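Residue numbers (this note's numbering), protein chains in the order written: chain D, 1 to 364; chain X, 1001 to 1557.
So the structure is just underneath, and the comments pick up after that.
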Amino acid sequence: MATIENSTQTLTLTMNGTEVTFSPGETLYEVAQRHVDRDVPTLCYDERLEAFGACRLCVVEVEGIRNPVASCTTKATAGMVVKTHTDGLEAHRRTLLEMVASENREIDVDPLSGYASQEMKTLVDRYEARTGRFQGKQSGKSRPDDPNPFIKRDYDLCISCYRCVRVCAEQEGDYAISVANRGFETQITTEFGGFLKDSACTFCGQCIQTCPTGALADHKALRSKDVPGEVKKTRTICPYCGVGCSVDLMSKGDKLVGVLPAMDGPANLGALCIKGQFAYDFVQHSERLSTPLVRGDDGVLRPASWDEALDRAAQGFKDAAANHGEDSIYAIASGRAPNEAAYLTQKFIRATFGTSQVDNCSRA
Amino acid sequence: MNTPSNQELIARWKDEEAPLLPLLHAFHDRDGYLSDETLRDVAQGLRLSLADLYGTVTFYHHFSRFPPGQAAPRVCDGPVCSLRGAHDLIEALRKDGATAMPCAGRCDEPIPVLEGDKVFVGLTHDSLNVKPSPLPPKNPGGTEECVFASIREPGRSTLDGYRKTGGYEGLERALKSKPEELVQLITDSGLAGRGGAGFPTGRKWKAVADAPGTPKTIVCNADEGEPGCFKDRVLMDHDPHAVIEGMILAAYGTGATRGFLYLRYEYPETEKILEKATEEAKSAGFLGEKIGGKDFTFHLSVRRGAGAYICGEETSLLNSLEGKHPFPRNRPPFPVTHGYEDLPTVVNNVETLASAAAIARKGADWYQGLGMGEHAGTKLISLSGDIRRPGNYEVPIGLPLQTLLEDWAGGAPEGRTIQAVTMAGLSGGFLAKDGLGVTLDEPSIRSKSSFLGAGGIIVYDDRRDMVEAAQVAMQFFAHESCGKCFPCRIGTQRLTERLRGDAGPRELEAWRTEVADLGRTMKSLSACGLGIAAPLITESLVRYFPEQVARHVAAAQ
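Have a look at this one:
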């Protein structure tokens, strides 16, 4: 840990010939992100997770160290002389991307697959690594048999970066998936190699969103992959609980096709739960109510105006209170309602009817 | 005796240091395999994630998940045993459920077959029997030895025998002086890590002594997984107290209070020998509390691996001890400050520690003087393959390779000539032609783009197909790659396919370019020594045997 004294000093190192500053504890990758125009490429890095050092794409040359070092796991120290984009490094990166491309069934995946799903394709194209070299056996084995409706497990596209395993453990604390076997035989697995539903998985979808190849993909969003049109993103707040997770709704034309967590959402920093991630079908459900309904004397519901419906409801409350006493009225605020609505609910019940019978469904 | 229940086994181990491996072995011993129910109970008992535990169990070659498990024969098909007919032996034992296992460290007397807790050796299924590890041949060069000096004395493996031949004298002397003086003595001797990396031992001990944080730990790396290496086995089998004394010295020098000897799975008899020697040392007051009547405590536990070459890499070993997935760690920080449980830790090889015990008794100058010319000390070489007298030899550092091969070990078999040798087991690749003119020291061998490493040398005579030898070697690296870093995980697989001829370019120039490009990136970018070393196999193959490579690529068309 940096001492307080250290943190007040200005620390510098040389990166690509320029003297740059850094804070104690920063890695070379973090320093490079701030100071270098061109991205340092990576496939196993997710800034929310502990640096892992698997893909080796982010390697940089450090004077005095023989082999290039992974910038994501190497802490910056004062006086280091670092180069991030030498010809040698760029050649290694291209070779690595050719190697990774060779182990997968395909490189191009639909952007609906997940938040990070285009990372591999983007790098392979940037480094012109579609050369077809290094052909051989494919590594991952897909699990089309897994019946869950949320997470597509297409491991033919897996490059064993372990971001899914790490996000599940470090970010979610679920430890539902892990790494089986070793070397080229490595597979992402649950306990005993079973289905996700039989594991500790909570279907939060975080593994999908950190996967850089689309091996873990959003089954629900991909239902709309053949819907014509560009994907439009709309920033909003998840309508479920009161946490206020930021999401980017994905739509094609008028159709809501999926949800992406907002990595910069102040409440969630990219995290979501199963409801925010996957439970959006109600929005455009054919049976969703689109107008108030009131029941006629025949007992059948018919469309009505808001005024009519509210008058009917108010009369109902009044009748109940008059006929059965005020304590016959009981309100439960929805867990999906924000704090303000919950407040108004209790105000309405207490002030209007003078009863304390109010609760919240999160507790009920 | 009643069969212990799951909960009894868990209760036995859960409060011990580094409990996961011995607990899994206890279930293995009881049932022969690890059932789903066992893993569920162990995960709960040790508070581990079940998915992680399952993944970690599948990492190790020898943990069985299904019957017959441990009862089925596992036959070594390492580089030497495959020259001796390992695949025929596997076929002959197929009816008993035989499978192949990577090099099991018995290359001087092939072929080892592991069944339950026993290692049988023999070339055919009807000649298999249990035999103790062969003692090293009496030093044919007449040069003075360090770790083998007394190993041939009868009874040396017992406490009495060890003490009669000067054992624990070094420790007793060290205990009369300050720990710093012992560390200085080791530094002055020039002793460097004998597991292959060659890091100066005294400097490592001093770094741990100076590092903040307790308790400190001494780990003896006895995970001798390098094919063609069986030197640590002979030391532990015939001179276990020397290794234990070395560990106690390291503890005294650094202030460590706990120690682990991490033994490879394939040496079950060695585990029993070490357990017995540890008990003897404990009862003699060399282990435990108030050692030598001083305020010096050191507890030593033997831990058995489960079949993973990568666990010989020190940070993988530490993760394995801690019950974690045995991927290598990112360095820095190094184990000297962040080792076992992130506390200061010495990780030394068996031979290094046994050497330290000899140095403590006989002095730094004595050890320095054992090498040739400027070189300090000795090195154990495990010599195997097409050579008349295979076995372990202790050579003065700087001895010409030819002297070892021809004068000490009798050269190639009758009517044959030596075509090539490997260095560092398989990790140093091949030396052939002018490369055979090296002397056995790092500067000389590194000048030929190889390295001495742990000191395994496998000899191939002029009959051998070197592309096939390279393929066996690369297949081993692919089998043992941990799967963490991309260049090694993919590169070892792709190189194996190209050497086997089942994938890759059919045109020589393209083949050579692909193999060179894969190797270059693996060497520069791999996260640990496995991926850095593996391409030395293809690099040296192409350098020394271009015509065999050309024939191989042409034949694959």
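Ideal placement from N, C-alpha and C gives every residue a C-beta, glycine not left out.
Here the structure is a predicted model, which is why all the values come from computation and not from measurement.
Check, Outcome
"Comparing alpha-carbon positions, which option in Val1219(X), Ala1409(X), Gly1377(X) and Ser1150(X) lies nearest Thr1187(X)?", "Gly1377(X)"
"Give a yes or no on whether 8 Å exceeds the smallest Cβ distance from Cys1482(X) to chain D.", "yes"
"Could you pull out every residue in the same chain whose Cβ sits closer than 8 Å to the Cβ of Thr27(D), ignoring the five residues on either side in sequence?", "Ala51, Ser71, Cys72, Thr73, Thr74, Lys75 and Ala76"
"Please classify Ile65(D) as buried or exposed, where buried requires at least 16 other C-beta atoms within 10 Å of its C-beta.", "exposed"
"Between Phe1250(X) and Ile1218(X), which are expected to be in contact by the criterion C-beta below 8 Å, what is the C-beta distance as a whole number of angstroms?", "Per the sequence shown, the amino acid found at residue 1250(X) is Ala instead of Phe. With 8 Å as the limit, Ala1250(X) and Ile1218(X) qualify as a contact, their Cβ atoms being about 5 Å apart."
"Provide the residue span of the alpha helix (DSSP H) that contains Leu216(D), from first to last.", "Here Leu216(D) belongs to no alpha helix (DSSP H); instead the beta strand (DSSP E) covers Leu216 to Asp218."
"Distance, Cα to Cα, Ala215(D) vs Gly132(D)?", "20 Å"
"Step through the CB atoms of chain X and report whether any lies within less than 8 Å of the CB of Leu96(D).", "yes"
"According to DSSP, which residues form a beta bridge with Gly1411(X)?", "BP columns for Gly1411(X) are empty, so no partner."
"Candidates Lys255(D), Glu326(D) and Arg363(D): which alpha carbon is nearest Phe348(D)'s?", "Glu326(D)"
"When you compare only the Cα positions, how much space is there between Leu1191(X) and Glu1394(X)?", "15 Å"
"Expressed to the nearest angstrom, what Euclidean distance is found between the alpha-carbon atoms of Ser1320(X) and Met1522(X)?", "24 Å"
"Thinking C-alpha only, which one of Arg235(D), Cys168(D) and Leu301(D) is nearest Cys245(D)?", "Arg235(D)"
"Mind checking Ile4(D): buried by the 16 CB within 10 Å criterion, or exposed?", "Here Ile4(D) scores only 47 on pLDDT, less than 50, and its place in the model is too uncertain to base an answer on."
"Provide the residue(s) that pair with Ala1301(X) in DSSP beta bridges, ordered along the chain.", "The amino acid occupying residue 1301(X) in the given sequence is Ser; Ala does not appear at that position. DSSP output for Ser1301(X) lists Phe1260(X) as bridge partner(s)."
"Can you say whether Phe22(D) is buried or exposed, counting buried as having 16 or more other CB atoms within 10 angstroms of its CB?", "buried"
"Should Phe1327(X) be labelled buried (16 or more other beta-carbon atoms within 10 Å of its own) or exposed?", "buried"
"Does any C-beta atom of chain D lie closer than 8 Å to the C-beta of Tyr1054(X)?", "yes"
"Taking C-beta pairs closer than 9 Å, name the residues in chain X that Gln33(D) reaches, listed in chain order.", "Near Gln33(D) there are no residues of chain X at all, since even the closest Cβ is about 19 Å away, more than 9 Å."
"Would you please state the rounded distance, in angstroms, between the beta carbons of Asp1239(X) and Ala1354(X)? I believe it to be under 8 Å.", "7 Å"
"For Cys1488(X), name the three-state secondary structure that DSSP assigns.", "helix"
"What is the residue span of the beta strand (DSSP E) that Phe1430(X) lies within?", "Phe1430 to Ala1432"
"Please name the residue in Leu289(D), Phe184(D) and Lys275(D) whose C-alpha comes closest to that of Pro1487(X).", "Phe184(D)"
"Exposed or buried, Leu289(D), counting other C-beta atoms within 10 Å across all chains shown (16 or more means buried)?", "exposed"
"Counting along the chain, where does the alpha helix (DSSP H) carrying Pro144(D) start and finish?", "Counting along the chain, Pro144(D) falls outside any alpha helix (DSSP H), and DSSP gives it neither H nor E."
"Which of helix, strand or coil does DSSP assign to Ile1090(X)?", "helix"
"Touching or not, the segment 1380 to 1389 of chain X and the segment 1451 to 1460 of chain X, by the rule of three or more beta carbon pairs under 8 Å?", "yes"
"So who's on the other strand from Val1347(X), going by DSSP bridges?", "Val1219(X)"
"Between which two residues does the beta strand (DSSP E) harbouring Arg235(D) extend?", "Lys232 to Ile237"
"Grab the span of the beta strand (DSSP E) containing Pro1112(X) for me, first residue to last.", "Pro1112 to Glu1115"
"Rank Pro111(D), Ala78(D), Gly193(D) and Asp37(D) by C-alpha distance to the C-alpha of Leu1053(X) and give the top, closest one.", "Gly193(D)"
"Which stretch, first to last residue, makes up the beta strand (DSSP E) that contains Asp1052(X)?", "First-last for Asp1052(X): Leu1050 to Phe1059, but that is the alpha helix (DSSP H), not the beta strand (DSSP E)."
"Are the segment 1473 to 1490 of chain X and the segment 1306 to 1314 of chain X in contact at 8 Å, needing three or more beta carbon pairs?", "yes"
"Apart from the five residues just before and just after Gly1504(X), which ones in its own chain have a Cβ nearer than 7 Å to its Cβ?", "Glu1497, Arg1498, Trp1511 and Glu1514"
"Quick one: does Gln135(D) have its CB under 8 Å from some CB of chain X?", "yes"
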